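Novice: The structure is given below, and queries will be raised subsequently.
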Amino acid sequence: MTSPPPTPPRFRGHADLRDSLQGALARGALPATVLIHGMPGCGKQSLALWLARTRLCTGEHPPCGQCTSCRLALRLEHPDIHWFFPLPRPRGSLSGGRLSEALETARHERLAEYRAQPLRQEDATEVKGIYLATVLTIRRRAHRRPAMGPEQFFVVADAEFLVPQEASPEAANALLKLLEEPPDGSRFVLTSSKPGSLLDTIRSRALPIHLPPLSAREVAAFLRDECGTEPAVTEQAAIQSQGSIGAALGYLDTDGAASRQRDRALGLLQAAASGRRADSYRAALEFRPAGARGLLDMLAALQLWIRDLGAAALGRDDCVVNAGELPFLRETAQRLNVVPHRVARAVGQVEEARMLAQGNVNPQLFIAGLLLALEETLNPPERQ
Ligand SMILES: [Zn+2]
202 MTSPPPTPPR FRGHADLRDS LQGALARGAL PATVLIHGMP GCGKQSLALW
252 LARTRLCTGE HPPCGQCTSC RLALRLEHPD IHWFFPLPRP RGSLSGGRLS
302 EALETARHER LAEYRAQPLR QEDATEVKGI YLATVLTIRR RAHRRPAMGP
352 EQFFVVADAE FLVPQEASPE AANALLKLLE EPPDGSRFVL TSSKPGSLLD
402 TIRSRALPIH LPPLSAREVA AFLRDECGTE PAVTEQAAIQ SQGSIGAALG
452 YLDTDGAASR QRDRALGLLQ AAASGRRADS YRAALEFRPA GARGLLDMLA
502 ALQLWIRDLG AAALGRDDCV VNAGELPFLR ETAQRLNVVP HRVARAVGQV
552 EEARMLAQGN VNPQLFIAGL LLALEETLNP PERQ
């Protein structure tokens, strides 16, 4: 007997939200365009695909998981569910129809990879976009009749990539035109963890649906059922995930990007807390002089470390997420005499840095500046 082909993990949690979406679909009350937003890794795309499965299911209790439509959808092979996501720009100076074709080929390759390894983590440092050529592909399809069911779904994941930093907003404008007059039988589900970066005009066309983070218990259940993770590891990764299955998977992979970012962020906190300015400069020089894209996740990890330092200072070991480093956190909190308002200030400084890191910064100078600021906040010079 051959084993069944792997299917993406089912969407879980958020039962109330799913009930109300199902009700709206059944009453025909769901607008043609919705925008699912929430933190990275909280399940926005799973919800989008679940919504499509639910609408197109021909079984009695949609999504039944058994009917032809559900089975095709779970294998990501449903002809009426079109899943688009940011991709690197294909090599070569392609344009027009050839660029559209190359992007479609790349998209199908990604879908095949996803079918084979649904839990694989994305490379966050890759430069990606949703290009005008892709939006034109969506537009062509949206004007055709659905192939099987009564409607077709266009899921546009990480829709903030419609406006790449360096380019004109033409991809976003082309999509806007489509959303202004959606062809009959076509639905659009946009997802974004940065809805503020979308064009206002697109945001105002879509019904916003906020997907809150999962509880640590729900994340732990996912890791146990889908990954077969050991209980001790599961619990730790679930707490560190802060409600994001994507983040939890990153922590499970000790050689993975999330673990590397966490270690790198710890190095920065150690440098800023050492009281030796040379340590901060040395830590900053380990960054490349260009390319700030990888910094955002690392800064999020740094915020978590600073929160942990605050928890350790208050003796709230139960709130420390990175429990493996408790001795360092306790020692540092005591040595620097860390108090809550300074922790809050430091977290704010890193938050400000995260905003800046979305622009074009030199990582070495940027990290050096941040570390000196943190050093002063956490370890203020004694007044004479
Ligand atoms: Zn079904």
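Each number in the numbering used here comes from the position in the sequence shown (counting from 1) with 201 added on. For glycine and all other residues, C-beta sits at the position ideal for the given N, C-alpha and C. Quantities reported herein were computed from a predicted structural model and do not represent experimental measurements.
On the DSSP letters alone, give me the boundaries of the beta strand (DSSP E) that Val357 sits inside.
Specialist: Note, Val357: beta strand (DSSP E), Gln353 to Val357.
Novice: Quick check: the Cα distance between Tyr452 and Gly298, rounded to an integer number of angstroms?
Specialist: Distance between the alpha carbons of Tyr452 and Gly298: 41 Å.
Novice: Quick one, which of Gly468, Ala501, Leu497 and Asp498 has its alpha-carbon nearest Ala485's?
Specialist: Among Gly468, Ala501, Leu497 and Asp498, the Cα nearest to that of Ala485 belongs to Gly468.
Novice: Might you give, ordered along the chain, the residues of its own chain that have their beta carbon closer than 7 Å to the beta carbon of Ser445, omitting 5 neighbours on each side?
Specialist: Taken in chain order, the residues that qualify are Met240, Pro241, Gly242, Cys243 and Pro414.
Novice: Roughly how many angstroms lie between the CA atoms of His344 and Thr338, to the nearest whole one?
Specialist: Each residue's Cα considered, the two are about 10 Å apart.
Novice: Within 10 angstroms of its Cβ, does Val420 collect 16 or more other Cβ (buried), or is it exposed?
Specialist: Flag for Val420 reads buried.
Novice: Output the distance between the C-alpha atoms of Leu300 and Gly560, rounded to the nearest integer angstrom.
Specialist: So the two alpha carbons sit approximately 27 Å from each other.
Novice: Can you grab the Cα-Cα spacing for the pair Asp509 / Ala439, in whole Å?
Specialist: Cα-Cα distance, rounded: 16 Å.
Novice: Would you identify the three-state DSSP class for His238, choosing helix, strand or coil?
Specialist: Strand, per DSSP.
Novice: Look up Ile282 in the DSSP assignment and say whether it is helix, strand or coil.
Specialist: Correct three-state label for Ile282: strand.
Novice: Sorted by chain position, which residues of the same chain lie with C-beta nearer than 8 Å to Ala448's C-beta, five sequence neighbours on each side aside?
Specialist: The answer, listed in chain order, is Pro241, Gly242, Gln441, Ser442 and Ala459.
Novice: Quick check: does the Cβ of Ser442 come within less than 7 Å of any heavy atom belonging to ligand 1?
Specialist: The answer is no for Ser442.
Novice: Relative to ligand 1, is the shortest distance from any of its heavy atoms to the C-beta of Thr435 smaller than 7 Å?
Specialist: Every heavy atom of ligand 1 is 7 Å or more from the Cβ of Thr435, so no.
Novice: Return the CA-CA distance between Val544 and Leu579, expressed in angstroms with no decimal places.
Specialist: Those two C-alpha atoms are separated by around 7 Å.
Novice: Looking at ligand 1, does it come within less than 7 Å of Gln267, judged from the CB to the closest heavy atom?
Specialist: Correct: Gln267 has its Cβ closer than 7 Å to ligand 1.
Novice: Using a Cβ distance threshold of 8 Å, determine whether the segment 535-551 contacts the segment 564-580, with at least three qualifying pairs required.
Specialist: A contact exists between the segment 535-551 and the segment 564-580.
Novice: Express the C-alpha separation of Asp519 and Leu500 in angstroms, rounding to a whole number.
Specialist: Straight-line Cα distance between these residues: approximately 23 Å.
Novice: Within 8 Å, do at least three Cβ pairs link the segment 254-268 to the segment 220-240?
Specialist: Output reads yes: the segment 254-268 touches the segment 220-240.
Novice: Where does the unbroken beta strand (DSSP E) through Phe423 begin, and where does it stop?
Specialist: Unbroken run through Phe423 is the alpha helix (DSSP H), Ala417 to Phe423; no beta strand (DSSP E).
Novice: Going by the DSSP bridge assignment, what does Arg388 pair with across the sheet?
Specialist: For Arg388, which the question treats as bridged, DSSP gives the partners Phe354.
Novice: Roughly how many angstroms separate the alpha carbons of Gly214 and Asp498, rounded to a whole number?
Specialist: Using only the alpha carbons, I get a separation of about 25 Å.
Novice: For Gln246, count the other beta carbons within 10 Å of its own beta carbon; 16 or more makes it buried, fewer makes it exposed. Which is it?
Specialist: Classification for Gln246: buried.
Novice: Could you tell me if the beta carbon of Cys243 falls within a distance shorter than 7 Å of some heavy atom in ligand 1?
Specialist: No; taking the cut-off as 7 Å, the Cβ of Cys243 has no heavy atom of ligand 1 nearer than that.
Novice: Looking only at its chain, what residues have a beta carbon closer than 7 Å to the beta carbon of Thr533, apart from the 5 residues adjacent to it on each side?
Specialist: The residues are Ala474 and Leu510.
Novice: Per DSSP, which residues does His411 bridge with? Please list them.
Specialist: Looking at the DSSP assignment, His411 forms a beta bridge with His238.
Novice: In this structure, how does DSSP classify Ser393 when only helix, strand and coil are distinguished?
Specialist: Three-state DSSP puts Ser393 in a strand.
Novice: Between Glu367 and the rest of its own chain, which residues show a CB-CB distance below 7 Å, the 5 nearest in sequence each way excluded?
Specialist: Since pLDDT at Glu367 reaches only 46, below the 50 mark, its modelled position is unreliable, and no value is offered.
Novice: Please name the residue, chosen from Thr335, Gly457 and Gly350, that lies closest to Ile282 on a Cα-to-Cα basis.
Specialist: Considering only alpha carbons, the answer is Gly350.
Novice: Decide if Arg588 is buried, meaning its Cβ has at least 16 other Cβ atoms within 10 Å, or exposed.
Specialist: Residue 588 is absent from the structure shown; the chain starts at 202 and stops at 585.
Novice: Taking the alpha-carbon of Val539 as reference, which of Gly516, Ala524, Leu248 and Glu526 has the nearest alpha-carbon?
Specialist: Nearest C-alpha to Val539: Gly516.
Novice: Return helix, strand or coil for Gly229, following the three-state DSSP convention.
Specialist: In this structure, Gly229 counts as coil in the three-state DSSP scheme.
Novice: Using the three-state DSSP reduction, which class does Gly224 fall into: helix, strand or coil?
Specialist: Looking at Gly224 - three-state DSSP - the assignment turns out to be helix.
Novice: Pick helix, strand or coil for Leu573, following the three-state DSSP scheme.
Specialist: Note: Leu573 maps to helix in three-state DSSP.
Novice: Let me confirm a value: Pro581 is counted as buried when at least 16 other C-beta atoms fall within 10 Å, else exposed. Which label applies?
Specialist: Classification for Pro581: exposed.
Novice: Between the alpha carbons of Pro370 and Arg292, how many angstroms are there, rounded?
Specialist: Their backbone Cα atoms lie some 22 Å apart in a straight line.
Novice: With DSSP collapsed to three states, give me the class of Leu450.
Specialist: In the structure shown, Leu450 sits in a helix (DSSP, three-state: H, G or I).
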